Structures are given as C-alpha cells and as structure tokens.
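Enquirer: Mind looking over this structure? Questions follow.
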Amino acid sequence: MLKITNLHASVGDKPILKGLTLDIAPGEVHAIMGPNGAGKSTLSHVLSGKAGYTVTEGSVIYNGKDLLEMDPEIRAREGVFLAFQYPVEIPGVSNIYLLKAALNAMRKHKGLPEVDAMDFLTLVKDKVKLLQMDEKFLYRAVNEGFSGGEKKRNEILQAAVLEPNLCILDETDSGLDIDALRIVSEGVNSLRAANRSFLMITHYQRLLDYIKPDVVHVLADGRIVKSGGPELALALEEKGYSWVEGQA
Amino acid sequence: MSNDAYLAAYPALAERLPGQDLAWLQQFRQSGLQAFADHGFPTLRDEEWRYTNLTALSKTQFAPTALQTAADDLLAEYRVADAALLVLVNGHFVPALSDLADLPAGVTVLSLAQALQQQAAKVADYLGKAVAETEHSLVAFNNAWFTDGLWLEVAAKQVLSKPLQILHLVTESTALAATRQLVVVNQQAEAEIIETFVGSVDSYFTACVNECFVEQNAGLTWYKLQAEASKAQHFGGTYAKQARDSRFSHHNFAFGSLLARSDIHSDLDIASECSLNGLYLAAQRQHIDNHTRINHLKPHGVSREFYKGVLDQKARAVFQGRVVVAEDAQKTDSEMNNRNLLLSSDAEIDTKPQLEIYADDVKCSHGVTVGQLEEKSLFYLQSRGIDEEAARHVLTFAFANEMVDKVENASLKALLLKQLLERFPGIAF
C-alpha cells in the first residue's frame, strides 16, 4: 500500500525528516508517536503534498506509483486522505458542497459518472448518523464556527464519504474531550477494512486505547527509532520519550 | 475632441429636450451647463475623483440618440420575474418595451418627459433637491443633458406588492444615455426598485442620476445591477433624502463596463436607517469606483455599510466610504466595512474609509481588509481532490456570494448567481 524508503525532507535549509523508512500493508493500522519537533506533522504534510517542503532524498511508493510526483488533488483522487490537525474554515462553502465536489472529483478520476443527487444525500446522511452529527452541519460553511471536536468529526465524515485507501490522521485526538474522542474513534474504527490502511500520528497514547494499532512506531529526530506492537505505546507512556531518544 | 465639443453640440440638443416651456427648468439646465462649462468633467485633481480618470469621456463625443423601440435579447436576459418592467433605451422611456400591465397598486409611473407636461410643479419640488449641481460636474452635466427618465411616486401607506425594475439599455454605439429618475416614497409606504444597466453595443456613456425621497416611516430597497458592455463608461448616482424613521437599503452590484463610477449618498433624519451593500467584480483593465456617503444629520440614526470587491488581472477599484456625523446627530450608530480580494499582483484597490464625527455620543466603527486567497484554504480543497483552479474559483465565488446572499428577491438573486458562476466557471454550485 505505502512504502516509504529513506525519506529526507527539509523546510528551507532545515532538514526535518532524516531517513524515514516505513512500510504499511493493506488493512493495517500504524501509529506514529513522537515528541514535539520529531517531524510527525512534516511527514503528514509531505505525504499529502503540501507546499513548502523539499524532499531531498528517498522515495514514497503508493500502490506501485510514485506519490511524490503527484499534485495534492491527484493524491486525494488516488485515495490518500489527510485528516488535518487543524481543519481549515472555509466561509461561504457549505459542507455538503465540498463533500459532493470532492466525491465527484474522485469519481471522475476513476471514469465514473457524477453521483446521483438522491444517492448522494442518502449516503451522506448515513455517514452523518455514524459520526453522531446533526444534519444541519451539512449546510453550514466548512468548519466555520465549529468546536474543536466538531471539526475533527467533520474530517472523519469526509473520510467516510470519500472512502480512501490510505487515511492519514494527523493528531486527530488533539483538542478532543473524552466523549468527542470516543465518537471520532468509533467513526475511524467503522472505516477499518481489509483494503484500507491508516497512519495515525499522535503525541499521546490515549488515542490508541480507542483505535488499536497493528504497529506502533516511534519517530524521533526525523527517523523511526523503534517499532513494535501496541505494548510499545504503553511503555512510552510510562517511560517518556527520553527513553527511546536515548536509544536512538 | 474635448469638453468643448459637448458644449458646441448642446444648443441643437437643447431644442429637443423635454420641458421647453418651463422657465424654471431652462434655468436649471442652463445653470448645470454653466457649471459643466466651468469645470469640464471631474479630473484627478478633484479630491473625490483622484483615483478615477475620465479623460475617455472627452476623447469621444458621446451624444444622445433618437428614441429606439427595437427589443433586444438583453431585455429578456436581464428581466427579473415578478416585477413591473420599465425600460429606457438610449436614455428614453419606451412604454412599448415596458410591462406596465400589472403595475402594483399605489404607484404612479410617468416618464420624466410626461411628468414635466402633466405635473411640472411637482417635478419642480423634487428635481435637484436630493443632489445639487455643486456635488460634482457630472451631476451638473446630467442636469443639462438629461433627455428623459422616470417619475415614480408611491402613495402614502402603500406597500407595493411587487418590485419595479428599471432596465436601462443602450443600443447605439457612442450613445450618451443621460437620464434622471425621481423617486418619491411617501409616508409609511414601502417600495423595492431593481435598477439594471446593460448595453448591446460596446462603447457608450451612461450618465444616470437618481434622486430618492424616502418620507417619514417609509422604506425603500434599491438594487443596482451594473452589467454594462465591455467598453462602456458608466456614471450612476443615487442620492437619497431620508425623513425621520425611514429606511433606505441599497445593494450595489458592479460587474460590467470599462469604467464605472457609482455615487450612493444618503442624508439621514432622526432615527432613520440606512444600509449600503456592495459587490464589485473587476478584471482585465476594468476600473470600478464606488463612492458612498452617509450623512447622519440628526440623532439616533443607524447605518450599516458592507462592500466587497474581487479584482483580477490589471483591474482597479476605488472604494470611498464616507460617514459624516453632524454635531446634532447624537446616538448615531454606524458601521462600515470594506473587504477586498486581489487575485493578481497587477490589480489595485484604493480604499478610503472616512469617518467625520462632530457629535460626542456616538458609536462608529470601520474596517478595511485587502488580501489574497489563503494558501491553507486552497490546499485544504486540493487535499479533497479539487484541482487548484477550481479551488480558486470556489473560494472566490464563496467570498463574493456573501453579498448575493443578502438579496431577498429570489428572481434577482438567481440572476446574480448566474452572473457570478459565469465568472467562476467549473464549480457546480
């Protein structure tokens, strides 16, 4: 699904990722944990094609294709979804417009006709229910005036509608209270499928109580310094990041 | 060619203008002519015109043309459903193209030429009373040159059941369409006017002056859609006098023309409310100048002003928003906002909010922003599969649509929406 090999990336002259290697098989859930400044968000930005980063070395192969060669919208249409750490407010553009425009962009890319209006409404309303959201959210401007929890739920709603192959969750748990965290996690868990992989980027272990990863990686100073099962997250929680940074 | 050409052609024109037998009108026109002869068209040296160059008006001599009655596709395209239609072609009211059959009850509609024949004394009471020739020389020019126009009067306590659409159409190249509208909304009456400017030829000059009298506790909503042809020169001034407890709401959509200047001025008496909304979209080498003035003359007035602009390529726009609070206008509550989106590094906005406050117990605020599309918003849309160009169009449309959303008339809103979407193709809103 996703094969990252020796990835080096910089912002300006400053190297952030320094030889990151990661292999995610279809259906797997990987968690990347790490201290602030380790390069977690840079990784999600580089994978989704955000401007401002230079890849100086290494490769990212997604479903056999060179992901780094693709424009951000092509990555999205090929099934890469980034749930933003800070979802952007877009005044004047309704949620339902964005969902439909995005879904149709994917369908066009696959050579499918535009979604039927009734089918689309049925689909979206099902997903809204799944995320325990009010249907009114569909008609509000994207993220405008949403609470932190609502924004994160809205990201997962988009993922649920767009059905990506690779879902990158960038600090999806940040700013969530326990109830919101539970709802968002249930949404994510309902998306788990044999052909869908997840890359969860998080600072804290608590998200992993709700979404069980197959593999946990520790990112420090731009590299994966340790990988293991879910128990690694617990060990980190107990011993702190200095424990692995010391081993790096 | 210079302003002299206009002056030289005037005597022959004057003989054909309406109201020949009215001495007071002749005097009014002569005075305007003299003011124009003295000043010519406004120049960059005039403070209120320092960003708007009118030399094109002197380079071509735009001249009034004879009355035209031929229908045009534009009439159908810009016709707003469920409104009485008043059509002026090349500066003359054309009943044959108008739809007066279902004029709402309570309104008197006459061409200004007719009004000068049938009720000259009444016209004399209002003409030049909401704006003086000293305002600037385009007003003086209109005073001398107007060929026709409309008299609209809403009787006291009448709430019009449907809007009146005034459709200005120009069909002759280098035509001058100079009209004067007098709109009187008597006590406790309510009216809605949709003013539309279009042209089926490229180059012409619209010089339109509207004087509105909103009497005590009356309400007037005025929508202006300026969709002039691509090389047209447009001047449109709307000057309102608001009596106490009156409401005046103006929505100014400036989309067309090569050069356009709108004046929207209002004088507010006690506890009256004025709301000015505007949206200007300019591209290529378009120049759009909106000049608003709200005069709070008496206490307890409320004014709200919100103008938005989108400028692309080498377009230039001017926003001058002046709010004057007279010494006597205590407890005035005024807000002004101007927001601009620049899509190109060659586009230019000159924005000038001006508060002049002579009273000490008032609440006044103003704000201006000039910005570009936000990269993070573009990336967010791209990350959802929308290509960059479409994402730019979506965001620009959303910015502009906020003003269209404020339009309550559904037919007009649909017309405006269509205009917006033509400008930002590829987004299926």
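Chains A and B are the protein sequences, given in the same order. Taking this note's numbering, the leading residue of the first sequence gets 41, the next gets one more, and so forth. Taking this note's numbering, the leading residue of the second sequence gets 92, the next gets one more, and so forth. Even glycine gets a Cβ: it sits at the ideal position worked out from N, Cα and C. The structure presented is a predicted model; accordingly, all values stated were derived computationally and were not measured.
1) Could you check which residue in K509(B), D358(B), N94(B), E302(B) has the C-alpha nearest to that of E244(B)?
2) Kindly provide the ranges of any beta strand (DSSP E) runs that are 3 or more residues long and lie completely inside the stretch 430–513 of chain B, ordered along the chain.
3) Have a look at the DSSP bridge pairing and note the partners of H387(B).
4) Classify V155(A) as helix, strand or coil using the three-state DSSP reduction.
5) Would you mind giving the Cβ-Cβ distance between D380(B) and R352(B), rounded to the nearest angstrom? I have them listed as a contact below 8 Å.
6) State yes or no: is the C-beta of I241(A) within less than 8 Å of the C-beta of I72(A)?
7) Skipping 5 residues on each side, what residues in its chain have a beta carbon closer than 8 Å to that of I130(A)?
8) Can a CB atom of chain A be found closer than 8 Å to the CB of Q159(B)?
9) To the nearest angstrom, how far is it from the Cα of S228(B) to the Cα of V222(B)?
10) For chain A, check one thing: does any of its Cβ atoms lie closer than 8 Å to the Cβ of Y101(B)?
11) Whether or not the stretch 114–132 of chain B and the stretch 93–102 of chain B are in contact is what I'm after, with contact meaning three or more pairs of Cβ atoms, one per stretch, closer than 8 Å; do they touch?
12) Residues bridged to R180(A) by DSSP?
13) Of all the options L116(B), P186(B), D403(B), which has the alpha carbon lying nearest to the alpha carbon of L258(B)?
14) Which runs of the beta strand (DSSP E), 3 residues or longer, sit entirely within the stretch 299–334 of chain B?
15) In this structure, what does DSSP give as the bridge partners for V194(A)?
16) So with Cβ pairs under 8 Å, would you call I130(A) a contact of chain B?
17) Under 8 Å between C-beta atoms, does E112(A) make it to chain B?
18) From L179(B), C365(B), Q445(B), pick the residue whose C-alpha is nearest to that of A204(B); which is it?
19) Please state the DSSP three-state secondary structure of Q287(B).
20) Give a yes or no on whether the minimum CB-CB distance between V485(B) and chain C is below 8 Å.
21) If contact means a Cβ-Cβ distance below 7 Å, which residues of the stretch 71–90 of chain A contact chain B?
22) Can T96(A) and H149(A) be called in contact, C-beta distance under 8 Å?
23) Classify R236(A): buried if its beta carbon has 16 or more other beta carbons within 10 angstroms, exposed otherwise.
24) Run the CB neighbour count on I218(A), radius 10 Å, all protein chains shown included, and call it buried at 16 or more, exposed below.
25) I want to see whether chain B comes within less than 8 Å of L122(A), judged by CB atoms only; does it?
26) Hey, R395(B) and S357(B): beta-carbon distance below 8 Å or not?
27) Look up T146(B) in the DSSP assignment and give the residues it is bridged to.
28) Between G189(A), V128(A), V120(A), which lies nearest to D290(A) when the distance is taken from Cα to Cα?
29) Which residue from T151(B), A128(B), P109(B), V261(B) puts its Cα closest to that of Q159(B)?
30) Going by beta carbon distance, what residues of the same chain come within less than 8 Å of S134(A), once the five residues before and after it are set aside?
31) Taking C-beta pairs closer than 7 Å, name the residues in chain B that L138(A) reaches, listed in chain order.
32) Out of L171(A), S267(A), L122(A), V51(A), state which residue places its alpha-carbon closest to the alpha-carbon of P84(A).
33) From D249(A) to V224(A), what does the alpha carbon distance come to, in whole angstroms?
34) Strictly below 9 Å CB to CB, what residues from chain A border F127(B)?
35) Among S348(B), G197(B), A175(B), which residue has its Cα nearest to the Cα of D190(B)?
36) Using a 10 Å radius around the Cβ and a threshold of 16 neighbouring Cβ atoms, would you call W283(A) buried or exposed?
Expert: Walking through what the data contain:
1) E302(B)
2) 439–448, 454–462
3) L359(B), V416(B)
4) coil
5) 4 Å
6) yes
7) L138, A181, V182, N183, E184
8) no
9) 12 Å
10) no
11) In short, these stretches touch, since the Cβ pair count reaches three.
12) Beta-bridge pairing links R180(A) to no other residue.
13) P186(B)
14) List check, beta strand (DSSP E) in window: 310–317, 324–333.
15) It is Asn, not Val, that sits at residue 194(A) in the sequence shown. Per DSSP, none; premise fails for N194(A).
16) yes
17) Contrary to the premise, residue 112(A) reads as Pro rather than Glu in this sequence. So, interface residue.
18) Distances from the CA of A204(B) to each of L179(B), C365(B), Q445(B) were compared; the closest alpha carbon is that of L179(B).
19) According to the sequence shown, residue 287(B) is Thr rather than Gln. In the structure shown, T287(B) sits in a strand (DSSP, three-state: E or B).
20) Absence of chain C from the displayed structure is noted, the protein chains being A and B.
21) S88, K90
22) no
23) With 16 or more other Cβ atoms within 10 Å, it is buried.
24) exposed
25) Cβ-Cβ to chain B under 8 Å: yes for L122(A).
26) no
27) In the DSSP output, where bridge partners are listed per residue, T146(B) has none listed.
28) This structure gives no information on residue 290(A), because the portion of chain A shown stretches from 41 to 288.
29) The residue with the shortest Cα to Cα distance from Q159(B) is V261(B).
30) So the qualifying residues of the chain are L178, Y179, R180, A181, V182.
31) R475
32) As written in the sequence, residue 84(A) is Ser, which differs from the Pro given in the question. Comparing Cα-Cα distances from S84(A) to each of L171(A), S267(A), L122(A), V51(A), the minimum goes to L122(A).
33) 13 Å
34) Those within 9 Å of F127(B) in chain A number zero; the least Cβ separation is about 44 Å.
35) A175(B)
36) Exposed, because fewer than 16 other Cβ atoms sit within 10 Å of the Cβ of W283(A).
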